[in-house]
């Protein structure tokens, strides 16, 4: 697996975690832990998955789909609907 450039990953971590804090009222550390331990983040780290084609808002939606369904690939962004 080719890992995503750390600077790009840091950008997404910061942006998505801040949106989670704002939307759900999590503490920063709680949101960071939830995001970093998710399948969505695992896919983001893997450059071959192409998750950087999406903006941070879409990554948040993919994470939300994972929280509901257990599978980030069920997001409309990945399914392509």
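Numbering (this note's numbering), first residue to last: 7 to 87.
Using N, Cα and C, we set each Cβ at its ideal position, and we do this for glycine too.
Judged by their CB atoms, residue 23 and residue 10 are not nearer to each other than the 9 Å cut-off.
Put simply, of 51, 69, 77 the residue whose alpha carbon is nearest the alpha carbon of residue 30 is 69.
If you draw a straight line from the Cα of residue 34 to the Cα of residue 64, it is about 19 Å long. Taking a C-beta distance under 9 Å as the contact criterion, residue 7 and residue 54 qualify as a contact pair.
In the DSSP assignment, residue 9 falls outside any alpha helix (DSSP H), carrying neither H nor E.
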